[in-house]
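What follows is a set of notes on a single structure, which appears directly below.
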Amino acid sequence: MTSTTSRTYRPAFPIWCAGCGHYGVQSALQAALRQLNAPDHDVVILAGIGCSGTIQNNLGTYGYHAQHGRVLPAATGLALSNPSLTVVAAGGDGDGYAIGVGHLVHAFRRDVSFTYIVMNNETYGLTKGQHSPTRAFEYPSHAEAPLDAVAMGLSIGSTSFVARGYSGWYDQLVRLTTAALLHAREKRGFAFLEVISPCVTYQDSYPRWEHALCDVDADASYDPTDRAAALALTLEVQKRGQLPTGLIYRAPAGARAVYPAPAQSELRSAALTTRYEEIMDGYAVAVDLQ
Amino acid sequence: MQEGISHAGSAEIPVVVIDCQRSGPSTGMPTKPEQGDIGMLVGGSTGDFPRIVLGPGDPADAFELTARAANLAEQLQGPVYVVLDQVVSQNSATVDRFDLAAVEIDRGKLLTDLSGLEEYRRYLVTDDGISPWAVPGTSGGQNLVTGNERDEWGRVSASPANRKRMVDKRARKLETLRSHLPAGRAWGNSTATVGMLGFGMQTGVMREATDRLSAMGMVVKGFQVRTLWPVPEETFAFVQSCERVYVVEHNAGGQYRHVLAGSGVPPHRLQSILRYDGIPFRPAELVEEVLERERNLR
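Now the structure itself:
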């Protein structure tokens, strides 16, 4: 990436366990940023809380460590305030699908152009392996169904990009990450990429996922612009205990209207002053002092 | 909200929060006025970090203090509250046109060009506690922002020595800004030894009550606190100049009286006049209350 005049922080080494899926996610993100040739100072990586919430320390870009579950509101605000930035939100399934899931629904709904990468390892790794919302589990008293955020995204009409990758399939992960970043940079909307990224310490699911993923990219007849078909496929493979991977849905270019900047992002004080004077003039009352 | 406030305080993020108080606790009485958030604004959330609380008393005051709050937030790089109450926030009044050209924008130590710098540390330890800040998109300003304790480079750190330096650095910011804080407004007979002190919705009522008391022959003065936190020197001085100060508040616990006493204002000179039934004081009620208490002294 590009050099700068002043010396700033030295990127950290990852803190993850040997074999953690997150290494694959970080490598794919670095490869994608290199392909886009984005200067470090125009890239902001925002991350939530957890093992995955340290990825922003490792790349030399602007990095922001958000509150637990609040990476999406912060990324939305940043993307609106300066549309020339490449904004990448990142986090885990605990951060994004438990405490933060309300924000995810609205990120799909608002469709603001930035990328969100969720490292789904079906566990709270940093706090020693409790069950996360993506884990199917039978308790003595009841069973809890896993949350499929890709299916949830497909169910929301404004969703423009949903993909799922796997840390074990690196080449595809680079392609999907690059496509997600491009989708956001071209202002085509919110780009959502879930990565199955196993936790080798508390929930080592590498052996299971190799056989439980259905790769739509490998199917030449699959049409990723057909939302109904994408949802039907998701429900179909779920019955077999599988999840679809690949570029699952992307709205065709031009499908989305280009919206004007929202009122909150109007920062030119001269324009605001003029508007204020117009409003005040509207209250003026002519008084005949005679 | 409290989690976000301490995040802004720790990560050193400028933010202005407008708190229009209504009666609590919880959903309380929608939408009756109260001033029951003061303890939370001054002391709420986790850890030690600097914050500022401003309290306007009318619509024009709200305009002035909100602009000041935006500047202070960027100078402090932390949370600044503008505390309203239901009476002030829904007050319709005819006011002179605000002079927007007179508003000066001060973005504090914002860096827009780092080309002359050899290195940039986001959380640089400085004498005044304030570190130069660069926003995303600024070339050479790449930094790590986090609510975790961290070193000058923004890298997470639990080193005891670094921890102490960083807590002390953040605390110094508030002392640096003390001289920038908005002044309060005093009125009445400056030689009076009986005073009335309050903020927000109490401002207009106190003014009228002291006017009436003066007309009845009482030597009295009043003070509208506009910077609630940190407690400014002028507030100490007002109380020091009086034998008795009636602190008028809409809450049951005398929250601001506790803030004053906790800041070293002599507590024996402070007497609470409190109300928490959702109805604003009328000037006549304040006059009656003060006269009653003054009679009972004898």
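Chain order of the listed sequences is A and B.
Letter by letter, the first sequence follows residues 28 to 317 of the working numbering.
Letter by letter, the second sequence follows residues 3 to 300 of the working numbering.
Beta carbons are placed, not taken as given, at the ideal position from N, Cα and C, and that holds for glycine.
Note that the structure is a prediction, hence the values are computed from the model and not measured.
For residue 120 (chain A), no Cβ of chain B is located within less than 9 Å of the residue's own Cβ.
DSSP places residue 91 (chain B) outside any beta strand (DSSP E); the residue lies instead in the alpha helix (DSSP H), whose first and last residues are 88 to 91. When 7 Å is used as the limit between beta carbons, residue 69 (chain A) is near these residues of chain B: 139, in chain order.
Ranked by how close their Cα comes to the Cα of residue 40 (chain B), the residues B:63, B:271, B:126, B:260 have B:260 in first place.
Closest in C-alpha terms to residue 193 (chain B), from the list B:14, B:256, B:224, comes B:224. When CB distances to chain B are screened at a threshold of 9 Å, the residues of the segment 77 to 90 of chain A falling below it are 81, 83, 84, 87, 88, 89, 90, in chain order. Closer than 9 Å to the CB of residue 13 (chain B) there is at least one CB belonging to chain A. In terms of Cβ geometry, residue 236 (chain B) and residue 186 (chain B) form a close pair [threshold 9 Å].
Around the beta-carbon of residue 9 (chain B), 16 or more other beta-carbon atoms lie within 10 Å, marking it buried.
The beta carbon of residue 110 (chain B) sits closer than 6 Å to those of 76, 77, all from its chain and outside the five residues before and after it, given in chain order. The beta strand (DSSP E) runs lying completely inside the segment 35 to 80 of chain A and spanning 3 residues or more are 70 to 74, given in chain order. Two segments are said to touch when three or more pairs of C-beta atoms, one from each, lie closer than 8 Å; by this definition the segment 205 to 224 of chain A touches the segment 133 to 144 of chain A. Per DSSP, residue 306 (chain A) lies in no beta strand (DSSP E) segment; the continuous alpha helix (DSSP H) that holds it begins and ends at 296 to 310. At a Cβ-Cβ threshold of 9 Å, residue 63 (chain A) and residue 116 (chain A) do not count as neighbours.
Membership of residue 225 (chain B) in any alpha helix (DSSP H) is not indicated; the residue belongs instead to the beta strand (DSSP E) covering 223 to 226. Annotated three-state conformation of residue 68 (chain B) is helix, per DSSP. If you draw a 10 Å sphere on the C-beta of residue 29 (chain B), you find fewer than 16 other C-beta atoms in it, and that means exposed. For residue 41 (chain B), the enclosing alpha helix (DSSP H) starts and ends at 40 to 45. Counting of Cβ neighbours within 10 angstroms places residue 223 (chain A) among the buried residues, the total reaching 16 or more. Judged by pairs of C-beta atoms under 8 Å, the segment 277 to 285 of chain A touches the segment 174 to 189 of chain A, as three or more such pairs exist. For residue 218 (chain A), the three-state secondary structure derived from DSSP is strand. Distance between residue 240 (chain B) and residue 258 (chain B), taken at the CA atoms: about 15 Å. Annotation: the continuous alpha helix (DSSP H) that includes residue 104 (chain A) extends over 98 to 108. Going by DSSP, residue 289 (chain B) is part of the alpha helix (DSSP H) stretching over 285 to 299. Residue 116 (chain B) has a beta carbon lying within less than 9 Å of a beta carbon in chain A. Put simply, the backbone Cα of residue 16 (chain B) is about 41 Å away from that of residue 198 (chain A). Only exposed fits residue 254 (chain B), as fewer than 16 other CB atoms lie within 10 angstroms of its CB. For the set A:86, A:257, A:254, A:179, the Cα lying nearest the Cα of residue 61 (chain A) is the one of A:86. For residue 210 (chain A), no CB of chain B lies under 9 Å from its own CB, so it is not counted at the interface with that chain. For residue 122 (chain B), the chain A residues whose Cβ falls inside 8 Å of its Cβ are 33, 34, 35, in order along the chain. Counting only the Cα atoms, residue 80 (chain B) lies some 7 Å from residue 53 (chain B).
When Cβ pairs closer than 8 Å are counted between the two stretches, the segment 45 to 54 of chain A is seen not to touch the segment 156 to 165 of chain B, the count staying below three. If one requires a minimum length of 4 residues, the alpha helix (DSSP H) runs lying completely within the segment 71 to 144 of chain B are 88 to 91, in chain order.
In this chain, residue 274 (chain B) is not harboured by any alpha helix (DSSP H); it is covered by the beta strand (DSSP E) spanning 272 to 276. Listed in chain order, the positions of the segment 84 to 101 of chain B with a beta carbon within less than 7 Å of a beta carbon of chain A are 99. In this structure, the CA atom of residue 59 (chain A) is about 54 Å from the CA atom of residue 35 (chain B).
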